Each structure stands twice: as structure tokens, then as C-alpha cells.
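Quick mapping for you: the protein sequence lines, in order, are chains A and B.
Numbering that gives the first Met the number 0 puts the first residue of the first sequence at 0, with every later residue one more than the last.
Numbering that gives the first Met the number 0 puts the first residue of the second sequence at 0, with every later residue one more than the last.
2 protein chains.
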Amino acid sequence: MLCYEVLHAKGYRLTPQRILVLKTIYHADNHISAEEIYEQLHDRFPYINKSTIYRILELLSGLKLVTESNLGDGCIRYHAAIKGHHHHLICRICGKVIDLEESTLGPLKASMLRDYGFDADLRHMVISGVCSDCRSS
Amino acid sequence: MLCYEVLHAKGYRLTPQRILVLKTIYHADNHISAEEIYEQLHDRFPYINKSTIYRILELLSGLKLVTESNLGDGCIRYHAAIKGHHHHLICRICGKVIDLEESTLGPLKASMLRDYGFDADLRHMVISGVCSDCRSS
DNA sequence: GTTGCAAATGCAACTTGTTGCATTTGCAAG
DNA sequence: CTTGCAAATGCAACAAGTTGCATTTGCAAC
Ligand SMILES: [Zn+2]
Ligand SMILES: [Zn+2]
Ligand SMILES: [Zn+2]
Ligand SMILES: [Zn+2]
């Protein structure tokens, strides 16, 4: 897996805990929370500590190996960056989630750069609002 | 203050705690956190309870009397909606904050509506990235 | 001004996430 | 295969935010 090489190249150790967290995020169907990662791993490997999980997630996020997103359920959720980027529209009435291609926000990124010289990090945005079904009723 | 009328019109009681929280947010120079509101109020009115503050903020936010935003310092910060809306670009290198007029994201809002029928709530976005100064160095 | 009662608050226990520090360990060098 | 040591982890205490429930109170009706 490419992630291991990134860690090694930047001088970070390849510990069993880091490998387990990376595998858990990679194999998760959807976006997974720190708590869920901890629960899954602690069942099989009781020696794994909660604070270690949080520190590993902070590291992986800083290295951009995983993306963080706040889907509005009160916790940060993680996603393997290697699986690609995308955005979410979340309906605040019915909770439905619409996924957007990363490229959808290309014009926005370009206008930020042109007007403000600001290189916006738009890899995994979450936008709240009301979906078409809920608007018509 | 208009906020009181909104509360009354929707059938919510006008309690001393709610009035104090509204005044504190309105008179805050910048975006203020729940913890800061609690500290300021608890100094002068020791009977005020922490959980009450959090519940009031949740209510005011739901009624759109205040806007929530995560400026990346680990807590949600609040802003009086009556003072107007805007967006923030935050540089992840130097921490500088660039404020945007609400209208800047008008085209984005329009394209969400046109392409997905989604009425996006873009009143107070926070976008992370790298500012022009930090990019040139 | 009383009264009645649902709404709001205070309290305390709890959950979730963070931090400082002692111990352990990945891994590079010999 | 050892050794050395900075990096990483485990632990326990802590901070921030949430929840259930008993008590209090805003306020509308009389
Ligand atoms: Zn996503
Ligand atoms: Zn909906
Ligand atoms: Zn703001
Ligand atoms: Zn900068």
C-alpha cells in the first residue's frame, strides 16, 4: 500500500497501530469516525489505546493520507484519500446525502485563486441545505 | 431587539438566560465560543449553568438568529446573524483570515440550485487553504 | 393578583476527545 | 544479532460538551 511508503519517506515509524488504523479506514464502506475505528480495533486487539488512535488520525490527516469531514452528526469522519475526493450536499430536513465529483467546485477554486491569490483546499467539502424533494413539499 | 420578537413569535419563552446569551453574542467584537460566553456570564451571574448555554446556542442556531462556524481552533464559534453574513478564507500556514462578502458565493449557490435542485445554506462558510503570501515563499 | 402547567433550567453523571509523562519499541548503525 | 535512542505508545488525569431527570419559572388564562 502506498501509504506505508509515504510514512517511511517522511521519517515516521511503521507501527502495528498505524498499519491497523490505515487498513480500517481503507476497508470501511463509508466515512468512519475515530470512535468506530477504536471500537473495531479494540475488539480484536485490546492493547490498542484510544489516545493513540486520535494521534494517528491527526498525523494521517496532516499528511493528507486521509480526509476529515464533519457530516453534521457530531463527530469528525475519515476517508482514505487514495480512494479519491468528492463533496457532499446534506439535506438538513431529511438527511439525504448527495455526492459531488471533486471537479464540481473547480470554478470556485479558480475564482478564489484569481480574485484573492488564495489556494483553497476543496478536497472534501460538506454543504448543508435543503434538497429538491423537501423543497417541493 | 428583533431577536426577542422572533423567540416570542415562535412560542419560545423570553428567559433571563436567553436574553443574556443574545446580548453577549451581539456585543462580542469577533466570533465567540460557547466556553467564552459561559465564562463572561458566569462571572457576573453565577447562577447561569453551562448546559443551559449550550441548549440556548442550539436553539438560536436552529432559528438562524446566530450562525455557527468552525474556524479551526477546535470549537464552534457564534456570530449574530443580524450583523450580516460573510465567509472566511483561512490560511493553514500563517493562520491569516480573509473575509468575503456573502455575495461572493452567489454563483456557487446558483449552480447547486440549477444542477441539483439543492438550496445550499451558504451563510457562513469557512474554507481552508494557503494565502498568496505563503504561496510565494 | 392568583393559578396551572408545559417549557426551561440546574444539577450531576456521563461521553468524547486531549494532554503530560513514564515506559516501551521501531529501526538504523555498528 | 546487539545496542542506543528518539519516536511512539499506554496510562491516568483532565477538559469540553451532552443527557436524564427533578425542580423552578415564564406566561397565558381566569
Ligand atoms: Zn465524503
Ligand atoms: Zn431533503
Ligand atoms: Zn464569520
Ligand atoms: Zn498564509
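For each residue, glycine too, the CB sits at the ideal point set by N, CA and C.
In this text the structure is predicted, and so the values were computed from the model without any measurement.
Should S68 (chain B) be listed as close to ligand 3, given that the test is whether its C-beta is under 7 Å from any heavy atom?
-> Ligand 3 has a heavy atom closer than 7 Å to the beta-carbon of S68 (chain B).
Limits of the alpha helix (DSSP H) - the one that T23 (chain B) falls within | Residues 15-26.
Hey, is L19 (chain A)'s beta-carbon within less than 8 Å of any beta-carbon in chain B?
-> Interface with chain B (8 Å Cβ-Cβ cutoff): L19 (chain A) is excluded.
Following the continuous alpha helix (DSSP H) through R113 (chain A), name the residue where it begins and the one where it ends.
-> Looking at the DSSP string, the run of the alpha helix (DSSP H) that includes R113 (chain A) is 105-115.
Three CB pairs or more closer than 8 Å across the stretch 106-120 of chain B and the stretch 77-88 of chain B = Contact between the stretch 106-120 of chain B and the stretch 77-88 of chain B is absent, with fewer than three C-beta pairs closer than 8 Å.
Between D98 (chain B) and chain A, is there a C-beta pair that is closer than 8 Å?
-> With its beta carbon at least 8 Å from every one in chain A, D98 (chain B) lies outside the interface.
H26 (chain A): CB within 7 Å of a non-hydrogen atom of ligand 1 = No - ligand 1 has no heavy atom lying nearer than 7 Å to the Cβ of H26 (chain A).
Can you pull the chain A residues whose beta carbon is under 8 Å from the beta carbon of R43 (chain B), in chain order?
-> Chain A residues near R43 (chain B): none, gap ~31 Å exceeds 8 Å.
Fully enclosed by the stretch 35-88 of chain A, which beta strand (DSSP E) runs are 3 residues long or longer?
-> As far as the stretch 35-88 of chain A is concerned, its whole beta strand (DSSP E) runs of at least 3 residues are 65-69, 75-79.
Flag this pair as yes or no: are the beta carbons of A119 (chain B) and L88 (chain A) separated by less than 8 Å?
-> Yes, Cβ-Cβ distance for A119 (chain B) and L88 (chain A) is below 8 Å.
Is the number of C-beta pairs between the stretch 59-73 of chain A and the stretch 18-25 of chain A that are closer than 8 Å three or more?
-> With the cut-off at 8 Å, the stretch 59-73 of chain A and the stretch 18-25 of chain A touch.
To the nearest angstrom, report how far apart H26 (chain B) and Y3 (chain B) are at their CA atoms.
-> Using only the alpha carbons, I get a separation of about 16 Å.
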